[in-house]
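The opening residue of the sequence shown carries number 685 in our numbering; numbering runs sequentially from there.
Positions of the beta carbon are idealized from the N, C-alpha and C atoms, including for glycine.
Just so you know, these numbers come straight off a predicted model, no measurement behind them.
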Amino acid sequence: MTIEIKNKLNDLLQYFQGQWFVHGFSMRTNNNAEAFHSRFNRRVQITHPNMWSFIKFLQGEENRFHHLRIQCYAGLGARPKQDLNNRNSTSY
Numbered sequence: 685m686t687i688e689i690k691n692k693l694n695d696l697l698q699y700f701q702g703q704w705f706v707h708g709f710s711m712r713t714n715n716n717a718e719a720f721h722s723r724f725n726r727r728v729q730i731t732h733p734n735m736w737s738f739i740k741f742l743q744g745e746e747n748r749f750h751h752l753r754i755q756c757y758a759g760l761g762a763r764p765k766q767d768l769n770n771r772n773s774t775s776y
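This is how it looks when you write it as structure tokens:
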């Protein structure tokens, strides 16, 4: 194997390690960004909002995170996720 091929394979391995290997990271996906965009689309409800709709959305988000921060400081954590089987058996 030539040095040029070894260098290219090394570059490829470094790419995968930097972009795709997520072992040991607490945030392994872009779910936060996906959730933000989903919430934005649900609340604005139009493809190209005007400036005032956008500002209103941002003000609502600021208020939402302000309340979440207060709850965190008060010691309130996220509700534990209920097991799907348990949730289904208790819904009757």
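Helix, strand or coil: how does DSSP classify Gly761 here?
coil
Is the region 739–746 in contact with the region 723–731, if contact means three or more CB pairs nearer than 8 Å?
yes
From the DSSP output, in three-state form, read off His750 for me.
helix
6 Å CB neighbourhood of Ile689 in its chain, flanking five on each side removed
none
Measuring CB to CB, does Phe720 end up less than 9 Å from Pro733?
no
In the DSSP assignment, find the alpha helix (DSSP H) that holds His732 and state where it starts and stops.
His732 -> no alpha helix (DSSP H), and no H or E assigned at all.
Cutoff 8 Å; reference Ser737; Cβ partners in own chain excluding five residues on either side
Val728, Ile730
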